[in-house]
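Colleague: Take this structure, written in structure tokens, and hold onto it; I'll ask about it next.
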Amino acid sequence: MSGHSKWSTIKRAKGVADARRGQLFTKLAREVMIAVREGGSSPDQNYHLRLIMQKCRDNNMPSENIERAIKKGSGEMTGSTLAEVTFEGYGPGGAAIIIQALTDNRNRALQEIRNIFNRGGGNMAEAGSVSWLFEHKGVITMATSELDAEEVALWAIDAAAEDVKVEKNHLEIYTAPDKLETVRRALEEKDVPIASAELSMIPKTTLNLNEEAALRVMKLLDRLEELDDVQRVFSNVDFSDEVLERLEAQV
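Spelled out as structure tokens, the structure:
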């Protein structure tokens with residue numbers, strides 16, 4: 001499991017996301033709007049919208065917020081014009097970082113992201129110079145403290161998962177993008193409590209850093225995620241349990 005995914009799971013478990021729930025709902029609504037704009041407002045016919053709506057429900061987003069976002073995306077209600085933008089960069093220790101943003105002002109988003117890179121000891125990179133290090137996958141994560149991880153892994157593989165990584169108290173399941181929903185449903189039928197299921201950018205190889213550099217990278221990633229225009233942040237760093245424990249003690 002990528003360290004950043006484990007860190008996100010820890011924050012959810014400790015309720016850190018609750019303090020930013022308003023911002024989270026805004027970001028989810030933007031994802032809904034883009035999905036509707038690209039594939040229509042019917043979840044039955046729009047696979048991407050179906051995934052985003054499930055993500056909204058996983059995060060306890062009110063149904064009226066979801067419906068409002070669908071109407072904005074379809075043009076039934078007025079809303080800001082959003083563009084999908086991807087930025088790339090390197091953090092401390094050469095960590096590769098991809099930032100996916102939805103913004104109504106590309107220049108503002110670029111400047112804010114560049115400032116965070118500069119303050120965090122990193123730098124922006126040319127388009128394509130980082131993205132080739134990653135591949136598009138579906139990812140399902142869960143805590144396994146009360147589960148038989150090996151049994152869940154077998155269920156996932158039987159349902160068409162490509163790979164499963166079992167670590168201390170955590171399980172991460174990788175699927176082809178179009179198999180994410182299939183595997184998720186199969187696990188839900190087994191009453192497996194899923195923490196998250198979403199499309200992600202997975203590093204082809206991971207980078208191990210010393211503790212100081214790893215902590216600096218994690219703080220950089222957190223600052224990027226706090227930006228209103230930023231939807232998702234991905235890194236190729238494999239954060240150690242020691243680093244995650246230090247961060248967990250701080251939240």
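Residue numbers (the working numbering): 1 to 251. Backbone N, C-alpha and C fix where the C-beta goes; we use that ideal spot for every residue, glycine too.
Just to check my reading of the structure: Ala214 and Phe239 have Cβ atoms closer than 8 angstroms, yes? What is that Cβ distance to the nearest angstrom?
Modeller: Mapped onto the sequence shown, residue 214 falls at position 214. Mapped onto the sequence shown, residue 239 falls at position 239. Yes, they are in contact, since the Cβ atoms of Ala214 and Phe239 sit about 5 angstroms apart, within 8 angstroms.
Colleague: Which residues bound the beta strand (DSSP E) around Glu84?
Modeller: As a position in the sequence shown, residue 84 is number 84, starting the count at 1. Where Glu84 is concerned, the enclosing beta strand (DSSP E) stretches over 83–90.
Colleague: Under the rule that 16 or more other beta-carbon atoms within 10 Å means buried, what is Lys168, buried or exposed?
Modeller: Within the sequence shown, residue 168 is the residue found at index 168, counting from 1. Flag for Lys168 reads exposed.
Colleague: Assess contact between the stretch 94–114 and the stretch 53–73, defined as three or more Cβ pairs (one per stretch) separated by less than 8 angstroms. Is contact present?
Modeller: No, the stretch 94–114 does not touch the stretch 53–73.
Colleague: DSSP state of Glu146, grouped into three classes?
Modeller: If you number the sequence shown from 1, residue 146 lands on position 146. Coil at Glu146, not helix or strand.
Colleague: Start and end of the alpha helix (DSSP H) containing Phe117?
Modeller: As a first step, residue 117 must be located in the sequence shown, where it is residue number 117. Per DSSP, Phe117 belongs to the alpha helix (DSSP H) from 106–119.
Colleague: Output the distance between the C-alpha atoms of Met201 and Met77, rounded to the nearest integer angstrom.
Modeller: By 1-based counting over the sequence shown, the position of residue 201 is 201. By 1-based counting over the sequence shown, the position of residue 77 is 77. Rounded to whole angstroms, Met201 to Met77 spans 32 angstroms at the Cα level.
Colleague: Could you tell me how far apart the beta carbons of Glu162 and Thr175 are, in whole angstroms, since I believe they sit closer than 8 angstroms?
Modeller: Within the sequence shown, the letter at position 162 stands for residue 162. Within the sequence shown, the letter at position 175 stands for residue 175. Confirmed, about 6 angstroms.
Colleague: Per DSSP, which residues does Gly138 bridge with? Please list them.
Modeller: Here residue 138 refers to the residue found at position 138 when the sequence shown is read from its first residue. Note: Gly138 sits in a beta bridge opposite Thr175, Leu199.
Colleague: Can you round the beta-carbon distance between Lys179 and Ala156 to whole angstroms, since I take them to be within the 8 angstroms contact cut?
Modeller: As a first step, residue 179 is located in the sequence shown; it is residue number 179 there, counting from the start. As a first step, residue 156 is located in the sequence shown; it is residue number 156 there, counting from the start. Not quite, the Cβ-Cβ distance comes to about 10 angstroms (not below 8 angstroms), so this is no contact.
Colleague: Confirm, please, whether the CB-CB distance from Leu207 to Ala96 is below 9 angstroms.
Modeller: Position 96 of the sequence shown, counted from the first residue, corresponds to residue 96. Position 207 of the sequence shown, counted from the first residue, corresponds to residue 207. Their beta carbons are under 9 angstroms apart, which means Ala96 touches Leu207 by this criterion.
Colleague: Could you tell me whether the Cβ of Asp222 comes closer than 9 angstroms to any Cβ of chain B?
Modeller: Absent from the structure is chain B; it holds one protein chain and no more.
Colleague: Near Gln54, which residues of its chain fall below 6 angstroms by C-beta distance, leaving aside the five closest residues on each side in sequence?
Modeller: Taking the sequence shown and counting its residues from 1, one reaches residue 54 at position 54. Hits under 6 angstroms: none found.
Colleague: By the three-class DSSP mapping on this structure, what secondary structure does Glu245 have?
Modeller: Numbered from 1 along the sequence shown, position 245 holds the residue referred to as residue 245. Three-state result, Glu245: helix.
Colleague: Using only the alpha-carbon positions, how far apart do Arg114 and Gln23 sit?
Modeller: In the sequence shown, residue 114 corresponds to position 114, counting from 1. In the sequence shown, residue 23 corresponds to position 23, counting from 1. Taking the straight line joining both Cα atoms gives about 21 angstroms.
Colleague: By DSSP, does Lys190 sit in helix, in strand, or in coil?
Modeller: As a working mapping, residue 190 is identified with position 190 in the sequence shown. Lys190 falls in the coil class under three-state DSSP.
Colleague: Distance, Cα to Cα, Ala39 vs Met61?
Modeller: As a first step, residue 39 must be located in the sequence shown, where it is residue number 39. As a first step, residue 61 must be located in the sequence shown, where it is residue number 61. Just to set this straight, residue 39 is Gly in the shown sequence, not Ala. Cα-Cα distance, rounded: 21 angstroms.
Colleague: Leaving aside the five residues before and after Ala83 along the sequence, list all residues of the same chain whose C-beta is less than 8 angstroms from its C-beta, in chain order.
Modeller: Here residue 83 refers to the residue found at position 83 of the sequence shown. Excluding sequence neighbours, Ala83 sits near Leu102, Thr103, Asp104, Arg106.
Colleague: Measure the alpha-carbon distance for Val166 versus Glu146 and round it to whole angstroms.
Modeller: Counted from its first residue, the sequence shown places residue 166 at position 166. Counted from its first residue, the sequence shown places residue 146 at position 146. Between Val166 and Glu146, the C-alpha separation is close to 14 angstroms.
Colleague: Please classify His170 as buried or exposed, where buried requires at least 16 other C-beta atoms within 10 Å of its C-beta.
Modeller: For this step, residue 170 is matched to residue 170 along the sequence shown. Buried.
Colleague: Out of curiosity, what's the CA-to-CA distance linking Gly3 and Val243?
Modeller: Counting from 1 along the sequence shown, the entry for residue 3 is found at position 3. Counting from 1 along the sequence shown, the entry for residue 243 is found at position 243. Residue placement at Gly3 cannot be trusted, given a pLDDT of 49 that sits under 50; what the coordinates show is reported in the next sentence. Distance between the alpha carbons of Gly3 and Val243 is about 9 angstroms.
Colleague: Give me the DSSP bridge partner(s) of Asn123.
Modeller: Stepping through the sequence shown from its first residue, residue 123 is reached at position 123. Note: Asn123 sits in a beta bridge opposite Tyr90.
Colleague: Going by DSSP, name the residue or residues bridged to Arg232.
Modeller: On the sequence shown, position 232 is the one that residue 232 refers to. DSSP, once it has assigned bridges, lists Gln100 as partnering Arg232.
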